[in-house]
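Input: a single structure, listed below in structure tokens.
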Amino acid sequence: MFAPASQPRFSLSIDSHNGIDHGFQVMAFTGHEAINQPFCFTLELVSERTALDLEYLLNRPAFLQFAPDEGGIHGLIDQVSQGDSGRRLTHYSITLRPHLARLGHRTNQRIFQNRTVQQIIAQVLKEHHLLTNDYRFKLGTTYAKREYCVQYNESDLHFVQRLCEEEGLHYHFEHSPTAHQLVFGDNQMVFPKLDSVIYRHDNGLVADEPVIKRFKLRLETRVNRTTRRDYHFEKPLLKMESSADIETQPDLEDYDYPGGFTHRDQGLQRANRALERHRHDYRLGEGQSDQPRLVSGHFLPLDG
6 MFAPASQPRF SLSIDSHNGI DHGFQVMAFT GHEAINQPFC FTLELVSERT
56 ALDLEYLLNR PAFLQFAPDE GGIHGLIDQV SQGDSGRRLT HYSITLRPHL
106 ARLGHRTNQR IFQNRTVQQI IAQVLKEHHL LTNDYRFKLG TTYAKREYCV
156 QYNESDLHFV QRLCEEEGLH YHFEHSPTAH QLVFGDNQMV FPKLDSVIYR
206 HDNGLVADEP VIKRFKLRLE TRVNRTTRRD YHFEKPLLKM ESSADIETQP
256 DLEDYDYPGG FTHRDQGLQR ANRALERHRH DYRLGEGQSD QPRLVSGHFL
306 PLDG
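Numbering (this note's numbering), first residue to last: 6 to 309.
Rendered as structure tokens:
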């Protein structure tokens, strides 16, 4: 066994019904997590066990804990491999991804009629055994039923993400030691607020506590006006056009016809969502930190 003095800061726990002790120690990991994307973390591990059942480990729920009381990443083991064995330790590698990532492995062609975007997404998630406690919608807008919605030769994941893009929905994940929950939203109110973190410019010295070491802000030119236009066959003289804009120069317009709406309020909502989508990274902050509590889909106040 590993000596207590050599216990690493990071640890991995795997939901095992048969009580198998894998004896994994985390040597290193890399990962990426962002809004509107399934996260992916790859862990390099060692164990004193040389003949673990890789087939059993695949698709098991697991939790990568950063430190006691510091949170972590919960996901499903999407990939597992065994490497070289030394005199005492064997190397392993696993990849953690969310349950949502499995939707990328099934392609479908079908039609949904008279369903809201929430109802369509919920049906697709249910087909992949994502139950109501595995996800939630926190929406500030009521969405009309779609008379006709087609999934054509695309994966379930691409279909769900396309619906989110069309309606202006976003999603992120909330992690606990036993589960990860998928959270859909359409405004910033859905993002929880983290405790403030100290900003301290990196001067080469080691800080006494985790801090934000570097931070920069950049602005970039983006579309500042969106217009959506459509045609009402029962009322051909009715002007079906809606716009949203930001008062900046030069005038950079995204014009779309047909806009895919039958009422002006729907057109205005789509124009607003399109403008928000174009300008989501107009102002972008970028930083570097050793604070393990930083997670996607949360607000972070900076002190100092």
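From the three backbone atoms N, C-alpha and C, an ideal C-beta is built for every residue, glycine too.
Point to revise | Whole beta strand (DSSP E) elements within the segment 28-55, 3-residue minimum | key: Qualifying beta strand (DSSP E) stretches, in chain order: 30-37, 45-52.
Point to revise | Range covered by the beta strand (DSSP E) that runs through residue 117 | key: 112-117
Review point. In whole angstroms, what is the alpha-carbon distance linking residue 287 and residue 106?
Key: 28 Å
Point to revise | Spatial distance of residue 6 from residue 32 (CA atoms) | key: Model confidence at residue 6 stands at a pLDDT of 43, short of 50, so the residue's coordinates are unreliable and nothing is read from them.
Check your understanding: For residue 85, which of helix, strand or coil comes out of DSSP?
Key -> strand
Practice item. Can you check the segment 258-305 for any beta strand (DSSP E) of at least 3 residues that lies completely inside it and give the ranges in chain order? Key: 258-261, 288-294
Practice item. Locate the beta strand (DSSP E) running through residue 180, then write down its first and last residues. Key: 175-181
Check your understanding: What is the rounded straight-line gap between the Cα of residue 285 and the Cα of residue 133?
Key -> 30 Å
Check your understanding: Which residue from 130, 25, 46, 38 puts its Cα closest to that of residue 299?
Key -> 38
Exercise for review: Can you grab the Cα-Cα spacing for the pair residue 17 / residue 219, in whole Å?
Suggested key: 29 Å
Practice item. State the DSSP-derived secondary structure class of residue 207, mapped to helix, strand or coil. Key: coil
Point to revise | residue 11, DSSP secondary structure in three states | key: Its pLDDT being 48, under 50, residue 11 is placed unreliably by the model, and the measurement read from it follows with that caveat. Residue 11 falls in the helix class under three-state DSSP.
Practice item. Specify whether the segment 195-204 and the segment 256-263 touch according to this definition: at least 3 beta carbon pairs, one from each stretch, less than 8 Å apart. Key: With a cut-off of 8 Å, the segment 256-263 and the segment 195-204 do not count as touching, because too few Cβ pairs lie within range.
Check your understanding: Which residues mark the beginning and the end of the alpha helix (DSSP H) in which residue 167 is found?
Key -> 161-172
Check your understanding: Considering only C-alpha positions, which residue in the set 40, 275, 74 is nearest to residue 173?
Key -> When the alpha-carbon of residue 173 is set against those of 40, 275, 74, the nearest one is in 275.
Review point. Can you list, in chain order, the residues of its chain whose CB lies under 8 Å from that of residue 206, leaving out five sequence neighbours each side?
Key: Within its own chain, the residues whose Cβ lies closer than 8 Å to the Cβ of residue 206, once the five positions on either side in sequence are excluded, are 218, 219, listed in chain order.
Exercise for review: Below 6 Å CB to CB, which residues in the same chain sit around residue 189 once its five sequence neighbours on both sides are set aside?
Suggested key: 142, 174, 176
Check your understanding: Does the Cβ of residue 232 have 16 or more other Cβ atoms within 10 Å, making it buried, or fewer, making it exposed?
Key -> buried
**Study point:** Residues bridged to residue 246 (per DSSP)
**Key:** 234
Point to revise | Segment contact flag, the segment 154-165 with the segment 113-126, C-beta cutoff 8 Å, min 3 pairs | key: Yes, since at least three Cβ pairs between the segment 154-165 and the segment 113-126 fall closer than 8 Å, the two stretches touch.
**Study point:** Local Cβ density within 10 Å of residue 77, reported as buried at 16 or more and exposed below that
**Key:** Burial call: buried.
Check your understanding: Among 227, 63, 215, 240, which has the Cα closest to the Cα of residue 308?
Key -> 215
Review point. Who are the Cβ neighbours of residue 85 in its own chain at under 8 Å, not counting the five residues just before and after it?
Key: 59, 62, 63, 97, 98, 99, 100
Point to revise | Residue interval of the beta strand (DSSP E) (run including residue 217) | key: 217-224
**Study point:** Residue range of the unbroken beta strand (DSSP E) whose run includes residue 19
**Key:** 16-19
Practice item. Out of 48, 112, 87, 297, point me to the one whose CA is closest to residue 81's CA. Key: 48
Exercise for review: Just grab the DSSP bridge partners of residue 67 for me.
Suggested key: 19, 80
Check your understanding: How close, in whole Å, do the beta carbons of residue 202 and residue 305 come, if the pair is a contact with beta carbons under 8 Å?
Key -> The pair is a contact, with the Cβ atoms about 6 Å apart (cut-off 8 Å).
**Study point:** Nearest-angstrom beta carbon gap, residue 54 and residue 21 [assumed within contact, 8 Å]
**Key:** Not really, about 13 Å apart at Cβ, beyond 8 Å.
Review point. Near residue 150, which residues of its chain fall below 7 Å by C-beta distance, leaving aside the five closest residues on each side in sequence?
Key: 119, 120, 121
Check your understanding: Among 292, 135, 115, 257, which has the Cα closest to the Cα of residue 104?
Key -> 135
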